[in-house]
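Throughout the sequence shown, residue numbering follows mature numbering (1 follows the signal peptide of the UniProt record, and there is no 0), covering -16 to -1, 1 to 68 in sequence.
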Amino acid sequence: MSLRSLMLLSFCVLLAACSKINQENYSKISAGMSKAEIEQLLGSPNECSGALGMASCTWGDQKTFISVQYAADKVVLYSGQGLK
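Here you go:
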């Protein structure tokens, strides 16, 4: 294996190990937090949708994710799946 391939593999392993989508960060979420506070904790969401002052944002993928629902940019509901 070339040095370049080894470095790329190491980077991918580190990136996966440093995911912000985990049980520790999920436990820091609470109702009333602002959208900015959640994005500081989890980073930019993978997907967001909303209308009329309500929004729903998701971080992660279909197997491992955190989903947060906002009203007026404040957390009202949140859920997670597959978190470690």
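Note that beta-carbon positions come from the ideal geometry of N, C-alpha and C, so glycine has one too.
Values in this document were obtained by computation on a predicted structure and should not be read as measured data.
Three-state secondary structure (DSSP) of residue i
i	result
S11	coil
S3	coil
Beta-carbon separation (whole angstroms), residue i vs residue j, contact threshold 8 Å
i	j	result
L67	Q24	Going by Cβ atoms, the distance from L67 to Q24 rounds to 19 Å, so no, they are not a contact pair.
N- and C-terminal bounds of the beta strand (DSSP E) containing residue i
i	result
L61	K58 to Q65
Q53	F49 to A55
S40	M38 to G44
G16	Element bounds for G16: n/a, residue is neither H nor E.
S33	E31 to A35
Same chain only: Cβ atoms within 8 Å of residue i, ignoring 5 sequence neighbours per side
i	result
Y54	K19, G34, M38, A39, S40, C41 and V60
C32	A39, S40, C41 and T42
L(-14)	none
Where the alpha helix (DSSP H) through residue i begins and ends
i	result
K19	K19 to L26
Residues of its chain near residue i, where Cβ-Cβ distance is below 7 Å and the 5 sequence neighbours each way are ignored
i	result
I22	I13, V52 and V59
G44	I5, N30 and I50
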